[in-house]
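If you read the sequences in order, they're chains A and B.
Just so we're aligned, residue 1 is where the first sequence starts under the numbering used here, counting upward by one.
Just so we're aligned, residue 1001 is where the second sequence starts under the numbering used here, counting upward by one.
Following: one structure in structure tokens, then a few remarks.
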Amino acid sequence: MLKTNPAFAASVKTASNFNAAACINCGSCTALCPLGVDLHPRTLFRYVLIGAEEKLLENTSVIYSCLLCRMCEDNCPADVPIAENIRSLRSYINRTRFGLMKG
Amino acid sequence: MSLPVKHVLGILADNLEYRRSVIPMSAARATAWARGLDIPFGGETVLYTGQMYQIIPSINSLSAMMAKVENSWINRFMGLGRLANRIIDLSWFMTLGVGKQQKEYNGILRNIALILKSAGVEFGYLYSQDLYSGALVFDEGIDDVFRKQARRVYDIFKTNGVKQVITVDPHTTSILKDVYPSVVEGFDLTVKSYLEVLAEKNIPCRRRLDMDLVIHDSCVYTRYLDVVDQPRKLLQSACATIHLPELSGRLTHCCGGPLESLFPARSHEITVKRVEQLAECGRSAVTMCPICLACLKREAGDKIDVKDISEYLYDCYCQPGK
Ligand code: SF4
Ligand code: SF4
């Protein structure tokens, strides 16, 4: 069952520049990504937007495998800051799961 | 199996926090490239290396080690590695046997300094105070350690009266130009890469290159910083014939480098793909980023010859004509 936690999305956003509200779920980002189907930014963003923290954390390796190369952003019709969003998810995991930050 | 992300990041963060670089190195090693060049200390305009070219030989050793560890039982003991690293600087072992490579990467920095000099650009260098910018730690999202480093680096610039910074690689340029202003209050430095500085100078070519070159654009230069035309202009003015792979300019394909420290096998696959794309266009490839250079060179074999752009620029803008 998909568990959701409404506070989760707020917590990701407060601590970073995460902003995926404009994503229209079109999949164009994945079409150009050098990692291909291994990385679906739109799915990660949906998990945050609906508060599915556990599902997001199941994708920890995927989140750290993004090259931050921004190829996807050149193809995104909604100007979503995809790489910065993924970096923000790392920041969230570092802070809440890996104990790498104090804040 | 992939490497344990938490512990690898922990080691990088500890190194930056306690030893001031993700791959710590002595000041003597970090500044060796400038020996004999008579670059003055400091000044309003400085050439800032952020130690990126200098740490590549150690990164190469580290990547080779990580690739071995990725699928071995040692992987499980990475947590212990982090504890040990707090006491002894394990990255010191990465510097063993890298002398030849170090000389090569130092040579790139020397070329850059000499080209700038020959273009009439006046600049200083902060020598032992030229610290790592924190780029990798920022990319990995370790924000508070990064913020501290940004503050430390910025304070050094301000204490020394620096106003303009000339950078040598895309990652450091982007971090200083786009990220520092958002984390360092009052940031007021002008930041430009040496390629931008040189392209503005319209310097005359002394020796024609007369060769075919395949450009591998850096993701960060093109998509983060919009530095696309400058390297083309500099090479074309030197009479090089430029060839571009289908994925180039703003649509350039990543070299795979950013994954090296956490997912070496995946990184390798991406690099191999890029080498093939470049090899389809010619035999001599040009890079403008130390990470691209290191990755592509490692996988190039006899398919292509990969060189940093500064080698060509030095030949045509500094050497006497034939
Ligand atoms: S930034 Fe990440 S998601 Fe976007 S194209 Fe590059 S690897 Fe793929
Ligand atoms: S390309 Fe942009 S809008 Fe389309 S799915 Fe990806 S992030 Fe969302």
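Just so you know, even glycine gets a beta-carbon here, dropped at the ideal spot from N, CA and C.
Query                                                                                                                                                                                : Result
Per DSSP, which one or two residues make a beta bridge with residue 1049 of chain B?                                                                                                 : None, per the DSSP bridge assignment.
Taking all protein chains shown into account, decide if residue 1247 of chain B is buried (16 or more other Cβ within 10 angstroms of its Cβ) or exposed.                            : buried
Can you tell me whether residue 1303 of chain B is helix, strand or coil according to DSSP?                                                                                          : coil
Can you tell which of B:1008, B:1105 and B:1004 has the C-alpha that lies nearest to the C-alpha of residue 1034 of chain B?                                                         : B:1105
So with Cβ pairs under 8 Å, would you call residue 1291 of chain B a contact of chain A?                                                                                             : no
What residues in the segment 1216-1237 of chain B bring their beta carbon closer than 7 Å to a beta carbon of chain A?                                                               : 1219, 1223 and 1224
Taking the alpha-carbon of residue 1154 of chain B as reference, which of B:1143, B:1032 and B:1177 has the nearest alpha-carbon?                                                    : B:1177
Could you name the residues of chain B that residue 34 of chain A contacts, counting a contact when the two beta carbons are closer than 7 Å?                                        : 1253, 1254 and 1270
For a minimum of 3 consecutive residues, which ranges assigned as the beta strand (DSSP E) are wholly contained in the segment 1259-1311 of chain B?                                 : 1284-1287 and 1305-1308
For residue 1013 of chain B, which residues in chain A fall below 8 Å Cβ to Cβ?                                                                                                      : 100
Which two residues bound the contiguous beta strand (DSSP E) that contains residue 1168 of chain B?                                                                                  : Residue 1168 of chain B -> no beta strand (DSSP E), and no H or E assigned at all.
Buried or exposed: which applies to residue 1001 of chain B, given that a residue is buried once 16 or more other Cβ atoms fall within 10 Å of its Cβ?                               : Residue confidence is low: residue 1001 of chain B scores 48 on pLDDT, short of 50, so the model does not pin down where it sits. Its coordinate-derived value is still stated next. Exposed, because fewer than 16 other Cβ atoms sit within 10 Å of the Cβ of residue 1001 of chain B.
CA-CA distance, residue 1168 of chain B and residue 1027 of chain B?                                                                                                                 : 18 Å
According to DSSP, is residue 1001 of chain B part of a helix, a strand, or is it coil?                                                                                              : Residue placement at residue 1001 of chain B is flagged as unreliable, the pLDDT there being 48, under the threshold of 50; a coordinate-derived value is accordingly withheld.
Rounded to whole angstroms, what is the Cα-Cα separation between residue 1037 of chain B and residue 1110 of chain B?                                                                : 8 Å
Over the uninterrupted alpha helix (DSSP H) stretch that includes residue 1177 of chain B, give me the two end residues.                                                             : From DSSP, residue 1177 of chain B is part of no alpha helix (DSSP H); its letter is neither H nor E.
Give the secondary structure of residue 1227 of chain B by DSSP, where H, G and I count as helix, E and B as strand, and everything else as coil.                                    : coil
The beta strand (DSSP E) with residue 1192 of chain B in it runs from where to where?                                                                                                : 1190-1193
Name all residues in chain order for which at least one heavy atom of ligand 1 lies closer than 7 Å to the residue's CB.                                                             : A:29, A:32, A:33, A:34, A:35, A:39, A:41, A:66, A:67, A:68, A:69, A:70, A:71, A:72, A:73, A:82, A:83, A:86 and B:1254
Just checking, does the segment 1001-1020 of chain B make contact with the segment 32-46 of chain A on the three C-beta pairs under 8 Å criterion?                                   : no
Any chance you could list the alpha helix (DSSP H) runs of at least 4 consecutive residues sitting entirely within the segment 36-68 of chain A, in chain order?                     : 41-50, 53-58 and 60-65
Return the first residue and the last residue of the alpha helix (DSSP H) that residue 1023 of chain B is part of.                                                                   : Counting along the chain, residue 1023 of chain B falls outside any alpha helix (DSSP H), and DSSP gives it neither H nor E.
With respect to 7 Å, is the separation between the Cβ of residue 78 of chain A and the closest non-hydrogen atom of ligand 2 below this value?                                       : yes
Check whether the segment 1138-1150 of chain B touches the segment 1042-1056 of chain B, taking contact to mean three or more Cβ pairs, one atom from each stretch, closer than 8 Å. : no
Mapping DSSP to helix, strand and coil, what is residue 93 of chain A?                                                                                                               : helix
Do you know offhand how far residue 1324 of chain B's Cα is from residue 1052 of chain B's?                                                                                          : In the structure as shown, chain B starts at 1001 and stops at 1322, and residue 1324 of chain B therefore has no counterpart that could be examined.
Let me see if you follow: with CB-CB separation under 8 Å, is residue 14 of chain A close to chain B or not?                                                                         : no
Would you call the CB atoms of residue 1166 of chain B and residue 1137 of chain B closer than 8 Å?                                                                                  : no
Any idea what DSSP makes of residue 4 of chain A, helix, strand or coil?                                                                                                             : coil
Taking C-beta pairs closer than 7 Å, name the residues in chain A that residue 1345 of chain B reaches, listed in chain order.                                                       : Limits of chain B in this structure are 1001 at one end and 1322 at the other, which puts residue 1345 of chain B out of reach.
Taking all protein chains shown into account, decide if residue 91 of chain A is buried (16 or more other Cβ within 10 angstroms of its Cβ) or exposed.                              : buried
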